[in-house]
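Start counting the sequence shown at 1; every next residue gets the next number (UniProt numbering).
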Amino acid sequence: MTGYRVSDVMTKQVIYLPAETTLDEAARVMKEADIGDVVVTDGATLAGMLTDRDIVVRAVAERSDPATTTIGSIITREVVMIEQHSTAAEAAALMRERGIRRVLVCDSERKLVGIVSLGDLAMQLDPHSALSDISEQAPTV
């Protein structure tokens, strides 16, 4: 990962959904876009992030009705951000320190410009590693 910046490895496609969106609609959007996360907004404010894991662990395990449960009720509200010019190693260290798999990426004015995942970092470190293979093959909702 030496020399790589977060901006080199991040996913630039960021999909925003309002907190009132139902779980089934969010899952459909994630499946159609082939992504594992969306940024959740409350009006013009960033409210948190919803991951495919949130849907499974927080909603399915609790037997929430996907047609009536809103994503705002299950999202991760603690948003962790990293500046796009940070190194990939700094992003990996931040993920390890916080015990998370995804970090929002911002520019110098704290405007959201992407998302970097553990899988993105693994692909850059070694595109043929087992972790990269798992990240590429892991189904999204």
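Beta carbons: idealized from backbone N, C-alpha and C, even for Gly.
Exposed or buried, residue i, counting other C-beta atoms within 10 Å across all chains shown (16 or more means buried)?
i	result
Arg102	buried
Ser108	exposed
Ser73	exposed
Ala122	buried
Asp34	exposed
Cys67	Cys is not the amino acid found at residue 67; the sequence shown has Ala there. By the 10 Å Cβ count, Ala67 comes out exposed.
Val105	buried
Gly3	exposed
Ala61	exposed
Asp65	exposed
Ala93	exposed
Ala130	Bear in mind that a pLDDT of 46 at Ala130, under 50, signals an unreliable position, so the number given afterwards is only what the model happens to contain. Exposed, since its Cβ has fewer than 16 Cβ neighbours within 10 Å.
Gly119	buried
With DSSP collapsed to three states, give me the class of residue i.
i	result
Ala27	helix
Glu83	strand
Arg5	strand
Gly119	helix
Ala19	coil
Arg77	coil
residue 147	No answer is possible for residue 147: the residues shown for the chain start at 1 and end at 141.
Ala91	helix
Ile35	coil
Gly114	strand
Val56	helix
Gln124	helix
Gly43	coil
Taking 7 angstroms as the line, does the beta carbon of residue i fall inside it for any heavy atom of the ligand PLP?
i	result
Met10	As for the ligand PLP, it is missing from this structure, which has no ligand bound.
Please check the pair residue i and residue j, which I expect to be a contact at CB under 8 angstroms, by giving their CB distance rounded to whole angstroms.
i	j	result
Val116	Val14	Contact flag wrong, Cβ pair sits at about 11 angstroms.
Val80	Arg58	Incorrect: roughly 18 angstroms between the Cβ atoms, too far for contact.
Thr11	Gly114	6 angstroms
Val6	Gln84	5 angstroms
residue 191	Thr76	Residue numbering for the chain in the displayed model covers 1 to 141; residue 191 lies beyond these limits and cannot be assessed.
Ala26	Leu17	6 angstroms
Return no unless some Cβ of chain D is closer than 8 angstroms to the Cβ of residue i.
i	result
Met81	In the structure shown, chain D cannot be found, because there is only a single protein chain.
>> Count Cβ pairs between the region 48-64 and the region 33-40 that sit closer than 8 angstroms; are there 3 or more?
In response: Taking 8 angstroms as the limit for Cβ pairs, the verdict is that the region 33-40 does touch the region 48-64.
> Per the contact definition of three or more C-beta pairs closer than 8 angstroms, is the region 61-78 in contact with the region 17-37?
Replying inline: Cβ pair count under 8 angstroms is three or more, so yes.
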